[in-house]
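Inspection log for the structure reproduced underneath, given as structure tokens.
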Amino acid sequence: MADCDAGLQIYEFYTIGIKETSSYAILKPNLLNNPVRGEIRLEIGERKEPIKFSLYNTLGERVKTYWVDGQESRINLSVKGLATGIYFLKTEEKTTSPMIKVVIVE
675 MADCDAGLQI
685 YEFYTIGIKE
695 TSSYAILKPN
705 LLNNPVRGEI
715 RLEIGERKEP
725 IKFSLYNTLG
735 ERVKTYWVDG
745 QESRINLSVK
755 GLATGIYFLK
765 TEEKTTSPMI
775 KVVIVE
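Residue numbers for the sequence shown follow the working numbering, beginning at 675 and rising by one.
Structure (structure tokens):
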């Protein structure tokens, strides 16, 4: 409530947001090389199921799709044939779909 007579005004600020759970942090892949030349190297941790990765250009178009066995903790995804530029790698799992910015150079 504001005081129209230019007297004392008291405001209370509240922080709101979404709490990040520890399970999300574990599922998010770790990009080992950026910028990328030839292949994207990721550390993903072990999972029980295969993982789908999709690579998108800056226009939002899917340019590549990868399926990876969930048993491997480190993987390499080939980007040969793609133009130099900024791309987004999306991990598509049941619970989360984190996206990582990837810069591809020749």
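All C-beta atoms, glycine included, are put in the ideal place defined by N, C-alpha and C.
- Val742 sits away from Ile714, with the two beta carbons spaced by 9 Å or more.
- The beta carbon of Glu720 sits closer than 6 Å to those of Ser747, all from its chain and outside the five residues before and after it, given in chain order.
- Residue burial is scored here from C-beta neighbours: Leu716 has at least 16 other C-beta atoms within 10 angstroms and is therefore classed as buried.
- By the 16-neighbour rule on beta-carbons within 10 angstroms, Ile778 is buried.
- Around Pro709, the same chain offers Val777, Val779 as residues with beta carbons nearer than 6 Å, after the five sequence neighbours per side are excluded.
- In the displayed model, Ile774 falls within a strand according to three-state DSSP.
- When the beta-carbon positions are compared, Lys768 and Gly744 stay at least 9 Å from each other.
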